[in-house]
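Below is one structure, written out as structure tokens, with a few remarks after it.
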Amino acid sequence: MTSRTSRRGHGKLALALLPALFAAHAAHAASYPAWQADTYYAAGTIVYYSGHDYKALVSQTDYASTGWNPTNASLWTDLGADTGSATPTPAPTATPKPTATPIPVTGTPTPTTKPTVTPTPVSGGCTAAAWNSSTAYNGGAQVSYNGHTYTAKWWTQGNIPSSSTGDGQPWTDNGVCGPTPTPTATPTVSPTPVGVTPPAATQLVAGTCPSDPALPVWTAGTSYASGQRVRPARDVSTFNVMYNGSTYPGVFVAAQAHTATAATEPTAGLPQGGWSKLTYNATYWAVGAMVPPPCAVPTPTPVATPTPTITPTVTPTPVSGTAPAFIYSPYKDVTVNTDWNTDMMRASVGSGKVQAVTADMPAKVDTLTWAFVTGECGSTAAVPSGENLAGMDPTTFVNTNVPLFTGSGKKYVVSTGGAAGVFSCGSDAGFAKFINHYYSANMIGVDFDIEAGQTQAQITDLVQRVIVAQKTWPNLRFSFTLATLAQSKSGSAVAVDLGASSPNPLGDMGKVVMSAIQAAGLKNYTVNLMTMDYGNPPSINLCVVSGSSCQMGQSAIQAAMNLHNFYNLPYSQIEVTPMILANDVGGENFSLSDADVVAAWVKANGLAGLHHWSYDRDQSGAAFSVRFATGLGL
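According to mature numbering (1 follows the signal peptide of the UniProt record, and there is no 0), the stretch in the sequence shown is residues -29 to -1, 1 to 605, in order.
Have a look at this one:
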């Protein structure tokens, strides 16, 4: 059996970009430069792509591995067909708005707007490492450049700090480098990203609901202690906080003890109504988050860390965090409709409007699979070596999205790997760190989507990590998602149980995974078959064929039958994941009728799970999600 790797670029994180498209673009005398993958585009840049002109809505790098291109409406706006005659307009340069960050000087700091010329660094020099164009920086990283200190808003590489500040740009100018003001030492207070429910250490608890007068409004002349919280005196919507899909007022946390003056107001220099830019008086304040009512009880820690030394008591009734015997869980591409300022997962298929994904999910769908985490487990190294989600920092992603799910009662599975990335895990300590990072009572499993060319050693490592992790987290599901064929009985238009004659449906990568599982003696795992993209059925018997086309519902059933028989694997350890609607292989289309067929068979035969790729591919009203859930009796 040939390797399936060559046909796995089906958009599980990355939709393949055909070279022919680029050739067509190059041949057209376009008004604007042709869009290219892996190129940084500042907000406002206009490019030519597939006969149309597009304008960048945000600053971005459209990596080929992500499938991003100008047709992504959350990143680009379509300006219409290219005329081929207009004079290209240079990309607009964002005009920096005045910041509210005072330049530290001796005596009482005085707020100033950002200088229009490059100042000479003051004595004492810059303490942050010099910016390097080849270094990848995560959100929160600080660098020095041309006498200024800059802080990264999110992951960035190659963006010159001095020309990459402002709306939609990755850097914040913290001002001239210099000595720290004396005599009061400023504690390190990291601003919480807008839209993120912060860690428990910075959450408000009893007595601090939005309507509670116990939380004061900032007032000039008041002495504030370090860590004291206030509400802004003006409506600055920039600092509103998303919690469980709703918006609540933000708060400010004093970064150092001081007496309030007009110069130290948290939002000094900001216009009424706020900007879309995260700008505030960072010398004296950090951004906090106000939890919504009811908040008379302490806010739970978003990332719960189980104590591995305690042996869980096995009881006949489910406990918090226990994975069910069966799950229905669509895959969610974490890059689609994402709020890139906060890393919040969003969707629009359920309601027709972009909103927090938990608010968009139909009531019958209570679990979602997050796709994908790549890199080395637990590693904080730069992307792509370190653990990340399409370049997103795991900490920011977790702090934003875990509270969405715990607050709404939705459950989740964390999926790793995918067609465009490799997830590796060389140590048990690293895997424990990985699980702890994403863990909450609503996390029910970890999925290894293995299709991007992992080595045999990397696969063996993953199996060994599961064996050890099961001792600490016995209630988590661990699944291996593998490419499959659906070899069927010649001439039959429906799936047929071939019994002992069943062929091995797995490709080369899947065979390596099963060999590693068998060699290690792993128990309590599931195999999730990617029932999609079978190939050319008229020439090779790769699926259940009728009318020279793959019958996608019947082929999913056939693949599960073949795996069950060939590996003697119980159906209770088998899951299936079709790609809904048009597959990447021409002529293969998974319909709503196929959803009915698969759901009924999965339910009747007691499979471990049913999923689909992907939630955002669904039709209006989340038709497939609802159809699957209904067929399963959920």
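Every residue, glycine too, gets a C-beta built ideally from N, C-alpha and C.
On a predicted model such as this, the values are computed, not experimentally measured, just so you know.
- The beta carbons of Gly524 and Glu546 sit no closer together than 8 Å.
- Contact between Tyr538 and Asn576 does not hold, since the beta-carbon distance rounds to 16 Å and is not under 8 Å.
- Assigned with DSSP and collapsed to three states, Ile406 falls in helix.
- Around the Cβ of Asn495, a 10 Å sphere holds fewer than 16 other Cβ atoms; the residue is exposed.
- The Cβ neighbour count for Ile131, taken over all protein chains shown within 10 Å, is under 16; the residue is labelled exposed.
- The C-alpha of Tyr299 lies about 7 Å from the C-alpha of Thr338.
- By alpha-carbon distance to Phe376, the top candidate from Asp364, Met363, Pro549 and Met332 is Met332.
- Counting along the chain, the unbroken beta strand (DSSP E) around Asp304 starts and ends at Tyr302 to Asp304.
- Only residues of its own chain outside the window of five on either side were considered, and among them Val498 and Leu534 have a CB closer than 7 Å to the CB of Leu540, listed in chain order.
- Secondary structure of Leu540 (DSSP, three-state): coil.
- DSSP lists Thr502 as the beta-bridge partner residues of Pro549.
- Unbroken alpha helix (DSSP H) stretches of 4 residues or longer found wholly inside the stretch 447 to 526: 479 to 491, given in chain order.
- Remark: C-beta atoms of Gly389 and Ala352 do not approach each other more closely than 8 Å.
- Three or more beta-carbon pairs separated by less than 8 Å link the stretch 302 to 317 to the stretch 585 to 602, which places the two stretches in contact.
- Val328 and Ser319 have their alpha carbons spaced roughly 8 Å apart.
- Per the DSSP secondary-structure output, Val434 pairs with nothing in a beta bridge.
- The residue among Ile430, Thr367, Thr98 and Ser411 with its C-alpha nearest the C-alpha of Trp444 is Ser411.
- The C-alpha of Lys324 is placed about 27 Å away from the C-alpha of Gly137.
- The C-alpha of Thr345 lies about 32 Å from the C-alpha of Asn145.
- Cα atoms of Ile528 and Leu453: separation of roughly 15 Å, rounded to the nearest angstrom.
- DSSP, read as helix, strand or coil, puts His535 in helix.
- Collapsing the DSSP output to three states places Lys442 in a helix.
- By the Cβ-count criterion, Ser564 is exposed, with fewer than 16 other Cβ atoms from all chains shown falling within 10 Å of its own Cβ.
- Rounded to whole angstroms, the separation of the alpha carbons of Tyr108 and Gly129 is 9 Å.
- Setting aside the 5 residues that flank it on each side, Pro476 is surrounded in the same chain by Thr455, Leu456, Ala530, Asn533 and Leu534, each with a C-beta closer than 6 Å to its C-beta; the list follows chain order.
- Taking a contact as a CB-CB distance under 8 Å, the pair Pro41 and Tyr20 counts as one, their CB atoms being some 4 Å apart.
- The beta carbon of Leu552 sits closer than 7 Å to the beta carbons of Asn560, Phe561 and Arg588 from its chain, once the five residues preceding and following it are set aside; these are given in chain order.
- Taken through DSSP and simplified to helix, strand or coil, Leu563 comes out as helix.
- In the structure shown, Tyr121 falls within a strand segment according to DSSP collapsed to helix, strand and coil.
- At a Cβ-Cβ threshold of 8 Å, Asn536 and Ser463 do not count as neighbours.
- DSSP, reduced to helix, strand and coil, places Trp341 within a strand of the structure shown.
- Between Ser386 and Asp432 a beta carbon distance of about 17 Å is seen, past the 8 Å cut, so the two are scored as non-contacting.
- A straight-line Cα-Cα distance of about 9 Å links Gln7 and Val18.
- Relative to Ser398, the option among Ala487, Gly55, Gln429 and Ala99 whose CA is nearest is Gln429.
- Between Gln227 and Ser194, the alpha-carbon positions lie close to 11 Å from each other.
- Comparing C-alpha distances from His229 to each of Ala99, Ser197 and Thr426 shows the shortest one belongs to Ser197.
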